[in-house]
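One rule links them: number in my numbering = place in the sequence shown (from 1) + 1298.
Even for Gly, the Cβ is constructed at its ideal location relative to N, Cα and C.
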Amino acid sequence: MRILVLGAGGTGGYFGGRLAEAGIDTTFLVRPERARTLDDKGLVIRSPFGDANLRVKHVTADTVGDAGSFDLVLLSCKAYDLHSAIEAIDPAVGDGTAILPILNGLAHYPSLDRRFGPDRIIGGMCVISAGKGPDGEIVHYGNGASITFGERDGATHGGRCDAIAATLASARIDHTHAEDIHRDLWAKFTFLATLAGATCLFRGSVGDIIATDDGRLLVERMYEECLGVARACGHPVPDKARSFAWKTLTQEGSPLTASMLRDLESGQRIEGDHIVGDMLRRARDADVPAPLLQVALTHLQAYEARKARGGL
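What follows is the structure, encoded as structure tokens:
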């Protein structure tokens, strides 16, 4: 399988690096500055699962067209870079190319479907905490790194998901080939919208929020708003996933925050509209009351307005 990985940041760099480490034909589509770092230092991974220092193939938007088409494009950009990512990967998409996005949320699927056709787009998500260190190395935090994927229409499409599963297995990447990818996507979407909404709104970790007088109650109400949206959209979150999410969202002393809070506190761009905003729009379309999501999104929009006028 010939794979193009968009980006060599925390997520793309880790998963793509593991594929390349296993000898799988993997090429990274990166910006020129990142390409220079890869030339100078290689792709360096620091992880509890094992460190790596790899020489990897890479292209930029100007040269990706010379590389031909790929069997699989692994899309791991931030939501606010989706438009430029779509333009960048377009020359690499041929008749047999499948695209596996592992972005947060669901709002990117319509854009991908319009550009490439829904049959090309596999449903996907990942669980990982990783970022770039000061020298461009990939730093993997914690012990989780997995990809979940599946066909959104339930068809086999020539067994391409089986082929992806075999490829990930050969790279020893934890993965799940989901029978109902929509169920998994919505389980994560409801959890993440709550985690991002709550930790950004209250500017603290899960443990900080739960330690307050009304934090547990407010997190519960926000999660119930998200679960109500999922039910109204025809994708109720299963009991097991709901119980796991609730335990995680209310764990006393937990240092867990959404990466969005870390981005916000460091003055970076955020995926507020893509995650919390999209959940709120779906709530309104389905006539599901969501006052806490409203407050959370307003908080994020105020941050973005202040950032846009140079107030940060």
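Hey, could you find the ends of the alpha helix (DSSP H) SER1409 is sitting in?
Here residue 1409 is taken as the residue at index 111 of the sequence shown, counted from 1. SER1409 -> alpha helix (DSSP H) spans 1406-1414.
### Task
Mark PRO1399 as exposed unless 16 or more other C-beta atoms lie within 10 angstroms of its C-beta, in which case mark it buried.
Position 101 of the sequence shown, counted from the start, is the residue given in the question as residue 1399. Buried, since its Cβ has 16 or more Cβ neighbours within 10 Å.
query: Do you know offhand how far ALA1584's Cα is from ASP1364's?
result: In the sequence shown, the residue the question calls residue 1584 occupies position 286. In the sequence shown, the residue the question calls residue 1364 occupies position 66. Going by the C-alpha atoms only, they are around 46 Å apart.
* Out of LEU1610, TYR1521 and ASP1537, point me to the one whose CA is closest to PRO1589's CA. => To locate residue 1589, count along the sequence shown from 1; it is residue 291. That would be TYR1521, whose Cα lies nearest to the Cα of PRO1589.
Just reading off the beta strand (DSSP E) that SER1427 is part of, what are its end residues? The residue given as residue 1427 occupies position 129 in the sequence shown. Secondary structure note for SER1427: its beta strand (DSSP E) is the uninterrupted segment 1421-1430.
Give a yes or no on contact between the stretch 1497-1508 and the stretch 1539-1559, applying the rule of three or more CB pairs nearer than 8 Å.
They touch, by the three-pair rule.
Classify ALA1494 as helix, strand or coil using the three-state DSSP reduction.
Translated into the one-based positions of the sequence shown, residue 1494 becomes position 196. DSSP places ALA1494 within a helical segment (H, G or I) once states are collapsed to three.
Nearest residue (CA-CA) to GLY1366, options GLY1394, ALA1539, LEU1466 and LEU1352
For the purposes of this step, residue 1366 is identified with residue 68 of the sequence shown, where counting begins at 1. Out of GLY1394, ALA1539, LEU1466 and LEU1352, GLY1394 has the C-alpha closest to the C-alpha of GLY1366.
Note to self: Considering only their Cβ atoms, is the gap separating PHE1447 from ALA1405 smaller than 8 Å?
What the structure shows: By one-based count along the sequence shown, residue 1405 stands at place 107. By one-based count along the sequence shown, residue 1447 stands at place 149. The answer is no: Cβ separation not under 8 Å.
Start-end ranges of the beta strand (DSSP E) lying completely within the stretch 1466-1532, minimum 3 residues:
Counting only runs of 3 or more, we get 1472-1475.
Cβ pair GLU1569, LYS1430 closer than 8 Å | The residue you call residue 1569 lines up with position 271 of the sequence shown. The residue you call residue 1430 lines up with position 132 of the sequence shown. Not a contact, by the Cβ cut-off of 8 Å.
I need the boundaries of the beta strand (DSSP E) containing LEU1336, first residue and last residue. In the sequence shown, residue 1336 corresponds to position 38, counting from 1. No beta strand (DSSP E) contains LEU1336, which is instead part of the alpha helix (DSSP H) from 1330-1339.
CA nearest to the CA of GLY1312, picked from LYS1545, LEU1372 and ARG1300:
As a working note, residue 1312 is residue 14 in the sequence shown. For clarity, residue 1312 is Tyr in the given sequence; the question names Gly instead. Among LYS1545, LEU1372 and ARG1300, the Cα nearest to that of TYR1312 is on LEU1372.
_Along the chain, where does the beta strand (DSSP E) containing LEU1327 start, and where does it finish?_
Numbered from 1 along the sequence shown, position 29 holds the residue referred to as residue 1327. Segment 1324-1327, the beta strand (DSSP E) holding LEU1327.
On the three-pair Cβ rule with 8 Å, is the stretch 1473-1487 touching the stretch 1517-1534? Contact between the stretch 1473-1487 and the stretch 1517-1534 is present, because at least three Cβ pairs lie under 8 Å.
* Asked: Terminal residues of the continuous beta strand (DSSP E) containing PRO1399?
  -> Working through the sequence shown from its first residue, we reach residue 1399 at position 101. In the DSSP annotation of this structure, the continuous segment of the beta strand (DSSP E) that includes PRO1399 starts and ends at 1396-1399.
Count the CB pairs spanning the stretch 1498-1515 and the stretch 1347-1355 that are closer than 8 Å, and state whether there are at least three. Note that the stretch 1498-1515 does not touch the stretch 1347-1355; fewer than 3 beta-carbon pairs, one per stretch, sit closer than 8 Å.
Original post:
Are the beta-carbon atoms of GLU1523 and LEU1591 separated by less than 8 Å?
Top reply: Start at 1 with the first residue of the sequence shown, and residue 1523 comes out as number 225. Start at 1 with the first residue of the sequence shown, and residue 1591 comes out as number 293. Pairing GLU1523 with LEU1591 gives a Cβ-Cβ distance under 8 Å.
Around the Cβ of ARG1604, are there at least 16 other Cβ atoms within 10 angstroms (buried) or fewer (exposed)?
-> In the sequence shown, counting from the first residue as 1, residue 1604 sits at position 306. The residue in question, ARG1604, is exposed, as its Cβ has fewer than 16 Cβ neighbours within 10 Å.
field: 8 Å Cβ cutoff met for ILE1420 and ILE1445
entry: Walking along the sequence shown from the start, residue 1420 turns up at place 122. Walking along the sequence shown from the start, residue 1445 turns up at place 147. Going by C-beta atoms, ILE1420 is not nearer than 8 Å to ILE1445.
In whole angstroms, give me the CA-to-CA distance for ALA1461 and LEU1493. Counting from 1 along the sequence shown, the entry for residue 1461 is found at position 163. Counting from 1 along the sequence shown, the entry for residue 1493 is found at position 195. Each residue's alpha carbon lies about 33 Å from the other.
### Message
Considering just the uninterrupted stretch of the beta strand (DSSP E) at HIS1356, what are its terminal residues?
### Response
Here residue 1356 refers to the residue found at position 58 of the sequence shown. According to the DSSP assignment, HIS1356 belongs to the beta strand (DSSP E) that extends over 1355-1357.
Between the Cα of ARG1413 and the Cα atoms of ALA1386, LEU1515, ALA1428 and PRO1432, which residue gives the shortest distance? Indexing the sequence shown from 1 puts residue 1413 at position 115. Here the closest residue by C-alpha is ALA1386.
Taking GLY1305 as the reference, which of ALA1383, ILE1322 and ILE1426 has the closest Cα? Locating residue 1305 in the sequence shown gives position 7, where the first residue counts as 1. It is ALA1383.
Can you check whether the CB of LEU1317 is closer than 8 Å to the CB of ILE1301? The sequence position of residue 1301 within the sequence shown is 3, counting from 1. The sequence position of residue 1317 within the sequence shown is 19, counting from 1. It is a contact, given that the beta carbons lie within the stated cut-off.
Practice prompt. Kindly list the residues whose CB is nearer than 6 Å to the CB of VAL1586, restricted to its own chain and excluding five residues on each side of it in sequence; keep chain order.
Written response: Here residue 1586 refers to the residue found at position 288 when the sequence shown is read from its first residue. So the qualifying residues of the chain are GLY1526, VAL1527 and ALA1530.
Check: Taking Cβ to Cβ, would you say ALA1491 is nearer than 8 Å to MET1577?
Finding: Taking the sequence shown and counting its residues from 1, the one referred to as residue 1491 is at position 193. Taking the sequence shown and counting its residues from 1, the one referred to as residue 1577 is at position 279. Contact: yes.
In this structure, how does DSSP classify LEU1273 when only helix, strand and coil are distinguished? This structure cannot speak to residue 1273, because the chain is shown only from 1299 to 1610.
Practice task
Can you give me the start and stop residues for the alpha helix (DSSP H) that ILE1384 sits inside?
Solution key: Taking the first residue of the sequence shown as 1, we reach residue 1384 at position 86. Counted as a single uninterrupted DSSP element, the alpha helix (DSSP H) harbouring ILE1384 occupies residues 1380-1387.
message: I believe SER1552 touches GLY1505 by the beta-carbon criterion, under 8 Å. Please report the beta-carbon distance rounded to the nearest angstrom.
response: Along the sequence shown, read from residue 1 onward, the residue named residue 1552 stands at position 254. Along the sequence shown, read from residue 1 onward, the residue named residue 1505 stands at position 207. Rounded, the Cβ-Cβ distance is 4 Å, consistent with contact.
Q) Comparing alpha-carbon positions, which option in GLY1456, GLY1392, LEU1610 and LYS1545 lies nearest LEU1562? A) The residue you call residue 1562 lines up with position 264 of the sequence shown. Ranking GLY1456, GLY1392, LEU1610 and LYS1545 by Cα distance to LEU1562 puts LEU1610 first.
Output the boundary residues of the beta strand (DSSP E) element that contains LEU1302. For the purposes of this step, residue 1302 is identified with residue 4 of the sequence shown, where counting begins at 1. Unbroken beta strand (DSSP E) run through LEU1302: 1301-1304.
With distance defined between alpha-carbon atoms, name the residue in PHE1487, HIS1455, SER1468 and PHE1368 nearest to CYS1424.
Within the sequence shown, numbered from 1, the residue matching residue 1424 stands at position 126. Nearest of PHE1487, HIS1455, SER1468 and PHE1368 to CYS1424, Cα basis: PHE1487.
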